[in-house]
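Numbering (my numbering), first residue to last: 310 to 534.
Glycine included, every Cβ here is placed at the ideal spot set by N, Cα and C.
Fair warning: this is a prediction, and the values are worked out from it, not measured in the lab.
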């Protein structure tokens with residue numbers, strides 16, 4: 310399904326030609342501080358880490374979505390981290406897809422438009438702000454909270470990613486990370502995304518170049534998404 314917001318002509322400007330095809334991005338980057346997992350939900354009872362969590366830790370959302378269990382569905386991971394386990398557990402307990410999924414959808418749509426673009430306010434103009442607002446305000450029916458999980462992490466003192474380098478003396482702090490697995494049918498998501506594109510009404514008219522750039526992303530939106 311090709312989204313419907315193609316308002317201006319397809320004449321390719323410099324900005325239009327340089328919007329790259331999407332290759333798939335994790336929801337956030339883990340490279341900032343290496344860590345090791347020291348405990349996880351169910352470990353004390355002899356349970357193994359779920360497959361989706363292992364794939365998330367190794368390859369982000371794209372790896373989780375590639376699992377056979379999620380065929381025909383888009384995967385979203387809501388995450389929270391900190392030192393207060395009880396507060397994080399309460400956050401996970403009270404996660405409600407009908408209320409919380411719009412934020413996840415808007416963040417991933419925004420991420421798609423930011424791929425390969427450093428100045429979205431220049432490349433897309435007022436359309437970008439209107440799009441994020443429309444995605445955040447949309448009802449987004451059909452999202453399902455499939456599972457949640459937590460891990461305890463220890464962070465290294467510097468950028469070295471192997472714990473043997475100093476017999477673990479480099480560990481300086483510890484926190485918890487909670488993950489919530491949310492999925493939605495791909496066709497259902499795409500039909501609602503069409504409505505989001507239609508409802509994105511910029512406060513002022515984007516230039517032809519800016520609209521062409523947005524159209525380019527819309528046309529290729531699901532390539533690698």
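Member of the options whose CA lies at the smallest distance from the CA of residue i
{"i": "residue 398", "options": "459, 437, 380", "result": "459"}
{"i": "residue 488", "options": "349, 443, 375", "result": "349"}
{"i": "residue 366", "options": "454, 521, 522, 486", "result": "486"}
{"i": "residue 508", "options": "400, 437, 518", "result": "437"}
{"i": "residue 389", "options": "462, 424, 502", "result": "462"}
{"i": "residue 392", "options": "484, 527, 423, 502", "result": "484"}
{"i": "residue 373", "options": "490, 526, 395, 431", "result": "490"}
{"i": "residue 506", "options": "454, 523, 351", "result": "523"}
{"i": "residue 413", "options": "396, 454, 513", "result": "454"}
Proximity of residue i and residue j at Cβ, strictly below 9 Å
{"i": "residue 498", "j": "residue 421", "result": "no"}
{"i": "residue 448", "j": "residue 406", "result": "no"}
{"i": "residue 364", "j": "residue 492", "result": "no"}
{"i": "residue 515", "j": "residue 456", "result": "no"}
{"i": "residue 381", "j": "residue 520", "result": "no"}
{"i": "residue 427", "j": "residue 404", "result": "no"}
{"i": "residue 361", "j": "residue 384", "result": "yes"}
Three-state class that DSSP yields for residue i in the structure shown
{"i": "residue 397", "result": "helix"}
{"i": "residue 404", "result": "coil"}
{"i": "residue 437", "result": "helix"}
{"i": "residue 461", "result": "strand"}
{"i": "residue 415", "result": "helix"}
{"i": "residue 350", "result": "coil"}
{"i": "residue 432", "result": "helix"}
{"i": "residue 505", "result": "helix"}
{"i": "residue 531", "result": "coil"}
{"i": "residue 423", "result": "helix"}
{"i": "residue 365", "result": "helix"}
{"i": "residue 518", "result": "helix"}
Beta-carbon contacts of residue i that lie in its chain and below 7 Å, excluding the five residues immediately before and after
{"i": "residue 415", "result": "441, 444, 445"}
Proximity test, residue i beta-carbon vs the ligand FMN heavy atom, cut-off 8 Å
{"i": "residue 521", "result": "The ligand content of the structure shown is nil, which means the ligand FMN is not present either."}
Contact with chain D by residue i, beta-carbon distance below 9 Å
{"i": "residue 525", "result": "Checking the listed chains, one finds no chain D in this structure; it contains a single protein chain."}
Boundaries of the alpha helix (DSSP H) in which residue i is found, first to last residue
{"i": "residue 384", "result": "Looking at the DSSP string, residue 384 is not in any alpha helix (DSSP H); the run it does join, the beta strand (DSSP E), is 382-391."}
Residues near residue i by beta carbon distance below 8 Å, same chain, minus five either side
{"i": "residue 482", "result": "463, 464"}
{"i": "residue 344", "result": "462, 463, 464, 465"}
Contacting residues, own chain, Cβ-Cβ under 6 Å from residue i (five flanking each side not counted)
{"i": "residue 452", "result": "406, 410, 491, 493"}
{"i": "residue 511", "result": "435, 436, 439"}
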